[in-house]
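Sequential numbering from 1 applies to the sequence shown in the UniProt record's numbering. The C-beta atom is built at its ideal place from N, Cα and C for all residues, glycine as well. Values in this document were obtained by computation on a predicted structure and should not be read as measured data.
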Amino acid sequence: MALKAQVLYDFTAEPGNNELTVKEGETITVTNQNIGGGWIEAQNSRGEVGLVPEDYIELSKPFPSFPGAAATAPTPSVGNVAAPDLSFFDAYAPASTQNQASNGNDPWSVWNADPSGGSNNNWASNPEGTQTGKAAADPWGSVAQGHPQAYQGPGGEDDEWDDEWDDMKSTGGYAESESGDGGAMQRGGAHATSMKISLNKFPGFSKSGPELYLLCKQLAKGKDKLPIYMGEVGPVWSYPETQLDCVVADPKKGSKMYGLKSYIEYQITPSTTNRPVNHRYKHFDWLYERLLDKFGSAIPIPSLPDKQVTGRFEEEFIKMRMERLQGWMTRMCRHPVVSSSEVFQLFLTYKDEKDWKMGKRKAEKDETVGVMIFSTIEPEAPDLDPVEVEQKCEQFSRFTKAMDDGVKEILTVGHEHWKRCTGPLPKEYQRIGKAFQNLSSVFNSSGYQGESTLTDAMTEAGKTYEEIGQMFAEQPKKDLHFLMETNNEYKGLLGCFPDTIGVHKAAIDKVKEADKLVATSKITPQDKVTMAKRVSTMSYTLQAEMNHFHSNRIYDYNRVMQLYLEEQVKFYETIAAKLRQAHGQFTTM
């Protein structure tokens with residue numbers, strides 16, 4: 001009897017890869033279970049046959065499959081210490097946070113009405129005016145952060161952790177905020193709405209949020225501590241003497257499953273070892289998910305440049321993706337906490353496939369994730385007053401919101417300028433040039449003997465204007481491109497702050513509720529003291545992160561503005577030189 005299966009999640013086939021498009025709830029017939037690599041061959045009700053991800057279906061009878069992500073996140077624990085019962089907090093949850101709608105177009109719109117700091121809010125990945133920034137599901141609820149299948153290390157086609165989810169078509173796709181001619185394309189929506197897996201953005205969070213850390217009876221021991229020092233600008237992370245760096249280069253096309261699946265592999269060379277390692281896009285995506293899980297509640301982890309299905313092996317796309325992966329890796333290398341983390345070092349320095357797989361599995365079992373990352377942080381400063389903590393949080397909230405607005409404005413204006421420089425403006429100069437040359441032809445037909453000097457000069461002037469038009473069309477790639485890329489990168493980074501700051505606001509709200517909880521014997525007076533101390537640690541973390549952000553912001557914008565203006569000066573100097581040369585062709589009688 002044919003083996004039937006129920007489709008659990010939508011899957012869109014990629015043309016040319018022998019895949020089969022299926023929809024959630026659809027019943028399909030399994031025709032070959034032995035494809036390998038996390039895939040099976042199936043036939044739909046229309047008789048179409050193709051490959052389907054194994055973890056996207058549920059077979060009608062027991063079938064030995066590879067472990068996938070669970071449907072719901074398990075209750076977290078720290079080491080052997082059970083997580084505290086935090087259900088009593090629900091009774092004190094502010095009513096205004098119930099059923100709060102997300103707003104994909106303005107991540108800050110719910111903050112004034114939401115005492116949790118906008119933790120129910122989704123950040124739009126696109127500049128204002130683009131179409132992909134739709135309202136999405138609550139990012140703290142049942143949403144997917146990535147493909148539900150397990151991750152495969154480099155190579156290892158027979159590895160039990162294998163999957164090919166970098167070949168999947170992402171729901172959001174690209175938001176081409178600066179046009180296909182060279183604009184900054186951003187991950188289109190942080191949460192794939194077609195996925196129904198229940199994966200919290202920060203798996204260490206209980207339903208109630210940061211109280212898992214605030215009230216944990218015994219924090220993890222033996223973990224590497226992350227010190228925070230008091231510097232000239234306030235709390236700062238501990239920075240290494242030599243900053244880590246890496247180079248992403250040499251993209252090569254590979255294939256597996258007898259050529260059925262194709263991918264691009266990049267070479268990453270860290271400055272510490274100068275020994276290259278190879279990674280595919282899905283390995284970068286795995287790293288992003290691990291960093292988000294571990295540090296996302298304390299450190300903004302920007303999304304990777306998004307996937308593309310059509311044309312993903314075209315030379316221009318590969319070059320653009322490599323450039324953006326380089327930018328993402330450089331930003332991660334600059335962060336002293338992220339760059340020194342075990343999972344990031346594994347990504348850059350694994351010795352062989354065995355080393356990679358062991359390190360990968362260890363990282364996936366890491367229990368110090370979500371808000372529990374704060375348990376590893378040790379500020380070398382006195383505890384802050386809760387009122388001061390709240391003031392600092394509000395200050396950072398206002399700044400990041402204002403900067404987000406400013407960055408979006410630059411992206412919008414830059415996008416318009418790019419279109420004008422590559423469209424109407426060159427055509428205007430070309431029309432002027434043609435008009436001069438046409439008039440020159442008329443003059444030349446007059447038969448007057450002394451005409452040649454003027455007609456030659458008119459022709460050259462016309463050609464000069466045509467050349468200037470072409471220069472305008474090519475110039476954005478030399479200067480505006482880098483300005484747009486930097487701002488697009490910061491737009492993605494700023495997009496992480498509503499969630500990160502929301503964690504702190506939610507923690508502050510819990511501390512405010514402490515008196516009520518003590519009065520009703522829900523917590524002890526000592527618990528209240530502990531909560532205040534730990535929210536102080538969270539505040540120092542936020543301040544250290546904001547100081548890191550400001551330091552990088554000042555460096556990045558100084559660098560990119562200098563580059564932009566230098567190129568603009570050279571551009572207009574070249575135009576001036578061409579016009580002076582054309583001017584010299586004309587004589588005065």
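- The three-state secondary structure of Asn274, taken from DSSP, is coil.
- Membership of Gln43 in the beta strand (DSSP E) is indicated by the continuous run 39-43.
- Here His548 is buried, its C-beta having at least 16 other C-beta atoms within 10 Å.
- Per DSSP, the beta-bridge partners of Tyr266 are His279.
- Nearest in C-alpha terms to Ala577, of all of Glu467, Ala532, Ser45, is Glu467.
- Every alpha helix (DSSP H) of 4 residues or more that sits fully in the region 353-414 is shown, in chain order, as 353-364.
- In this structure, the straight-line span from the alpha carbon of Tyr465 to that of Lys392 is close to 55 Å.
- By the beta-carbon neighbour count (other beta carbons within 10 angstroms, threshold 16), Arg324 is buried.
- Annotation for Tyr229: no alpha helix (DSSP H) segment contains it, though the beta strand (DSSP E) segment containing it runs 226-231.
- Across the structure, Ala457 and Lys427 are spaced so that their CA atoms are roughly 22 Å apart.
- With contacts defined by Cβ atoms closer than 8 Å, Leu542 and Ser375 do not form a contacting pair.
- Trp237 has Ile228 as its beta-bridge partners, per DSSP.
- DSSP places Cys421 in the helix class (H, G or I) of the three-state scheme.
- A residue is called buried once 16 or more other Cβ atoms fall within 10 Å of its Cβ, and Val236 is buried on that count.
- Rounded to whole angstroms, the separation of the alpha carbons of Thr31 and Leu292 is 38 Å.
- A Cβ-Cβ contact shorter than 8 Å links Tyr263 with Arg280.
- Taken in chain order, the whole alpha helix (DSSP H) runs of length 4 or more contained in the region 453-536 are 480-494, 497-512, 514-519.
- With fewer than 16 neighbouring CB atoms inside 10 Å of its own CB, Thr242 falls in the exposed class.
- Within its own chain, the residues whose Cβ lies closer than 7 Å to the Cβ of Phe497, once the five positions on either side in sequence are excluded, are Pro300, Thr400, listed in chain order.
- Between the C-alpha atoms of Thr368 and Lys570 there is a straight-line separation of about 52 Å.
- Considering only Ala381, Gln395, Glu380, the residue with the shortest C-alpha distance to Val387 is Gln395.
- CA-CA distance, Trp328 to Ala461, rounds to 46 Å.
- Ranking Val503, Asp385, Val529 by CA distance to the CA of Ala514 puts Val529 first.
- Look at the beta carbons and you see the region 341-355 not touching the region 503-519: under three pairs across the two are nearer than 8 Å.
- Ser297 sits away from Val389, with the two beta carbons spaced by 8 Å or more.
- Rounded to whole angstroms, the gap between the alpha carbons of Cys216 and Thr537 is 14 Å.
- DSSP, reduced to helix, strand and coil, places Thr587 outside both helices and strands of the structure shown, so it counts as coil.
- In the structure shown, Glu58 falls within a strand segment according to DSSP collapsed to helix, strand and coil.
- Under the three-state reduction of DSSP output, Asp306 falls in the coil class, being neither helix nor strand.
- Cβ contact annotation for Ile373 (same chain, cutoff 7 Å, sequence separation greater than five): Lys294, Phe295, Ser297, Ala298, in chain order.
- DSSP, reduced to helix, strand and coil, places Glu342 within a helical segment of the structure shown.
- The C-beta distance from Glu58 to Leu8 rounds to 6 Å, short enough to fall under 8 Å.
- Selection Gln470, Glu265, Thr273, Ser521 evaluated against Lys282 yields Glu265 as nearest (Cα-Cα).
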